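Asks: Quick one: this structure, given as structure tokens, is what I'll be asking you about.
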Amino acid sequence: MVIKAVVYDADKTLWNHHNISELVEPMSVSGDVLVDGRGDRVVVFPGVRDTLKTLRETGIMLGLATWNYESATKRVLSLLDLRFDVVVSKDYPYKFMMLMEFLIRASQLGMRIKPDEVLYVDDRRDHFGYIWFHIGKVKCLEMWKDVKEHREILKMIENEPNS
Numbered sequence: 707m708v709i710k711a712v713v714y715d716a717d718k719t720l721w722n723h724h725n726i727s728e729l730v731e732p733m734s735v736s737g738d739v740l741v742d743g744r745g746d747r748v749v750v751f752p753g754v755r756d757t758l759k760t761l762r763e764t765g766i767m768l769g770l771a772t773w774n775y776e777s778a779t780k781r782v783l784s785l786l787d788l789r790f791d792v793v794v795s796k797d798y799p800y801k802f803m804m805l806m807e808f809l810i811r812a813s814q815l816g817m818r819i820k821p822d823e824v825l826y827v828d829d830r831r832d833h834f835g836y837i838w839f840h841i842g843k844v845k846c847l848e849m850w851k852d853v854k855e856h857r858e859i860l861k862m863i864e865n866e867p868n869s
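The following block contains the structure:
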């Protein structure tokens with residue numbers, strides 16, 4: 707299987723915060739740290755930026771599928787300067803529906819991606835069964851269990867057969 711797209715969850719996968727939809731203005735950023743109006747901090751995990759950059763350079767499409775309000779997701783991604791080709795941000799937890807939307811939007815951008823060409827990374831394994839049932843053989847990784855740091859995702863992709 708060749709991985710053509712990596713789709714990430716956001717909260718507790720890309721950064722330490724559990725729910726960016728709770729953040730309030732004004733927000734400020736210094737490096738990998740965003741601070742909101744109450745002093746809540748969002749810290750991008752080590753290796754995230756390098757991993758995203760390497761994936762993009764190798765031609766892999768980057769997606770985000772997150773259970774957050776779209777306005778909050780857009781604001782935080784913009785402030786932290788994190789870029790994805792397709793962002794699906796919904797106020798419900800059904801990741802399989804978000805991944806279906808990702809595949810549709812990728813197709814609209816000219817990328818024909820089959821489910822078994824997608825790697826999905828989330829800190830919660832409980833989404834995986836629904837993804838496999840509704841979409842098919844998406845490769846799923848549980849962040850912090852299957853991989854301990856973001857750069858390991860690159861090694862997993864390199865070690866995939868036919869990569």
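For the working numbering, add 706 to where a residue sits in the sequence shown, where the first one is 1. Using N, Cα and C, we set each Cβ at its ideal position, and we do this for glycine too. Source: prediction; values computed, not measured.
1. According to DSSP, is N764 helix, strand or coil?
2. Are at least three pairs of beta-carbons, each pair with one atom in the segment 743–759 and one in the segment 769–788, less than 8 angstroms apart?
3. With C-beta atoms as the reference, is S736 less than 8 angstroms away from T772?
4. Taking the beta strand (DSSP E) that V739 belongs to, which residues open and close that run?
5. Report the CB separation of K710 from I819 in whole angstroms; it is logged as a contact under 8 angstroms.
6. Where does D828 sit, in a helix, a strand or coil, going by DSSP?
7. Between L740 and T779, what straight-line distance do the alpha-carbon atoms span, to the nearest angstrom?
Replies: Let's see:
1. Residue identity check: residue 764 is Thr in the sequence provided, not Asn. Three-state result, T764: coil.
2. yes
3. no
4. 739–741
5. 5 angstroms
6. strand
7. 13 angstroms
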